[in-house]
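Enquirer:
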Amino acid sequence: AQSVAQPEDQVNVAEGNPLTVKCTYSVSGNPYLFWYVQYPNRGLQFLLKYITGDNLVKGSYGFEAEFNKSQTSFHLKKPSALVSDSALYFCAVRDDSSNTGKLIFGQGTTLQVKP
Amino acid sequence: NAGVTQTPKFRILKIGQSMTLQCTQDMNHNYMYWYRQDPGMGLKLIYYSVGAGITDKGEVPNGYNVSRSTTEDFPLRLELAAPSQTSVYFCASSRGLAGGPDTQYFGPGTRLTVL
Chain U
4 AQSVAQPEDQ
14 VNVAEGNPLT
24 VKCTYSVSGN
34 PYLFWYVQYP
44 NRGLQFLLKY
54 ITGDNLVKGS
64 YGFEAEFNKS
74 QTSFHLKKPS
84 ALVSDSALYF
94 CAVRDDSSNT
104 GKLIFGQGTT
114 LQVKP
Chain B
-16 NAGVTQTPKF
-6 RILKIGQSMT
4 LQCTQDMNHN
14 YMYWYRQDPG
24 MGLKLIYYSV
34 GAGITDKGEV
44 PNGYNVSRST
54 TEDFPLRLEL
64 AAPSQTSVYF
74 CASSRGLAGG
84 PDTQYFGPGT
94 RLTVL
C-alpha cells in the first residue's frame, strides 16, 4: 500500500533562515509526489510536484523540493523563510494502483516562521 | 477562470438532517474528487469521478453519495448527518493527460458541523 509520512507536526524557524519540511513515502511503482500549502481557513494551494527528471524541483513562492529515491524522501525547502510562509504544509503521493489520480496525503506539518 | 468553487462556506446541521455540498469547476477537467479534512489527519478521499456519469468510492464513502451529470458539477450528498461527519470538505479537480490525471486543484472548502 502506498503511504506518506511527515515526521514533524511542527517546524519552527526564524525569518531569513533556511527551512526544511520533511516527507517520506512508500510506493510500489514510480512515485508521483506533490507538496501543497494551506493557509488558515483556505483551501490547499499547489506548490510543486515531482513526476520524473531532475531530483531538485522548483515551485511557487521560492520553494523547492529534493527527491531522493534511495532515502524515499521528498523534503520541501526554501533558502530564506518569510513570516508569510507560516502555514500548514501537506506532502502527497499519487496512488497509481488505478489510473484515477487519487492522492494520499501525509498528516501535515505546521510551519511557524518567527520575525 | 474561477477555478474550483464550493458552496456553502459554512453550515451547521442537526443530527439526521440532510444536505448537499456543491462543487463546480470551470476548467473543463475530467477528474473530480471529494476529500474531508479532520484535525491532524490529513485529507481522506470520499468519492471521485473520472468523467461525467462515472463515480467511484474512495477511502471513506460511508454516509455520503455523489453524482456527476455534467463535467462542471460534482455535488456531495449527506443523507443522515451524524456528528462523525463534522469536518472540512474539499473538492478538487484535475485534467486528464496521456499518462493519467494531472495536478489536482482545490476549492476553498466547506466547514460542516453536525450537532
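Order-wise, the sequence lines are chains U and B.
Sequential numbering of the first sequence, starting at 4, is according to the working numbering.
Sequential numbering of the second sequence, starting at -16, is according to the working numbering.
C-beta: ideal position from N, C-alpha, C; glycine also.
As the structure is a prediction and not an experimental result, all values here were calculated from the model.
#1: I need the DSSP call for B/GLY79, collapsed to helix, strand or coil.
#2: Do B/TRP13 and B/ARG78 have their CB atoms nearer than 8 angstroms?
#3: Check whether the segment -15 to -6 of chain B and the segment 71 to 79 of chain U touch, using three or more Cβ-Cβ pairs below 8 angstroms as the test.
#4: Between B/VAL43, B/THR53 and B/LEU98, which has its C-alpha nearest B/GLN10's C-alpha?
#5: Tell me the DSSP secondary structure of U/SER63 in three-state form.
#6: Closer than 9 angstroms by beta-carbon distance: list the chain U residues that pair up with B/SER77, in chain order.
#7: Is it buried or exposed, U/ALA4, if we count other Cβ atoms within 10 angstroms and call 16 or more buried?
#8: May I have a chain-ordered list of the beta strand (DSSP E) segments no shorter than 3 residues that lie completely inside the segment 25 to 107 of chain U?
#9: Hey, how far is the Cα of U/SER6 from the Cα of U/TYR53?
#10: Could you tell me the alpha carbon to alpha carbon distance between U/LYS25 and B/LEU63, rounded to whole angstroms?
#11: Under 9 angstroms, CB to CB, which of the residues in the segment 34 to 55 of chain B have a partner in chain U?
#12: Among U/SER29, U/THR23, U/ASN58 and U/VAL30, which one has its Cα closest to the Cα of U/TYR92?
#13: In this structure, does DSSP put B/PRO66 in helix, strand or coil?
Expert: The short version:
#1: As a position in the second sequence, residue 79 of chain B is number 96, starting the count at 1. Strand at B/GLY79.
#2: For the purposes of this step, residue 13 of chain B is taken as residue 30 along the second sequence, with counting starting at 1. For the purposes of this step, residue 78 of chain B is taken as residue 95 along the second sequence, with counting starting at 1. The residue you asked about is not Trp; residue 13 of chain B is Asn in the sequence shown. It is a contact, given that the beta carbons lie within the stated cut-off.
#3: no
#4: For the purposes of this step, residue 10 of chain B is taken as the residue at position 27 of the second sequence. Sequence inspection shows Met at residue 10 of chain B; the Gln mentioned does not correspond to that position. If we check each option's Cα against that of B/MET10, B/THR53 comes out closest.
#5: Taking the first residue of the first sequence as 1, we reach residue 63 of chain U at position 60. In this structure, U/SER63 counts as helix in the three-state DSSP scheme.
#6: Numbered from 1 along the second sequence, position 94 holds the residue referred to as residue 77 of chain B. Within chain U, the residues GLY104 have their CB atoms less than 9 angstroms from the CB of B/SER77, given in chain order.
#7: By 1-based counting over the first sequence, the position of residue 4 of chain U is 1. With fewer than 16 Cβ atoms within 10 Å of its Cβ, U/ALA4 is classed as exposed.
#8: 27 to 29, 36 to 41, 47 to 53, 59 to 61, 67 to 71, 76 to 81 and 90 to 97
#9: As a position in the first sequence, residue 6 of chain U is number 3, starting the count at 1. As a position in the first sequence, residue 53 of chain U is number 50, starting the count at 1. Each residue's Cα considered, the two are about 16 angstroms apart.
#10: Start at 1 with the first residue of the first sequence, and residue 25 of chain U comes out as number 22. Start at 1 with the first residue of the second sequence, and residue 63 of chain B comes out as number 80. Distance between the alpha carbons of U/LYS25 and B/LEU63 is about 39 angstroms.
#11: Hits within the stretch, in order: ASP39, GLY41 and GLU42.
#12: In the first sequence, residue 92 of chain U corresponds to position 89, counting from 1. Closest option to U/TYR92, Cα to Cα, is U/THR23.
#13: Locating residue 66 of chain B in the second sequence gives position 83, counting from the first residue. Helix.
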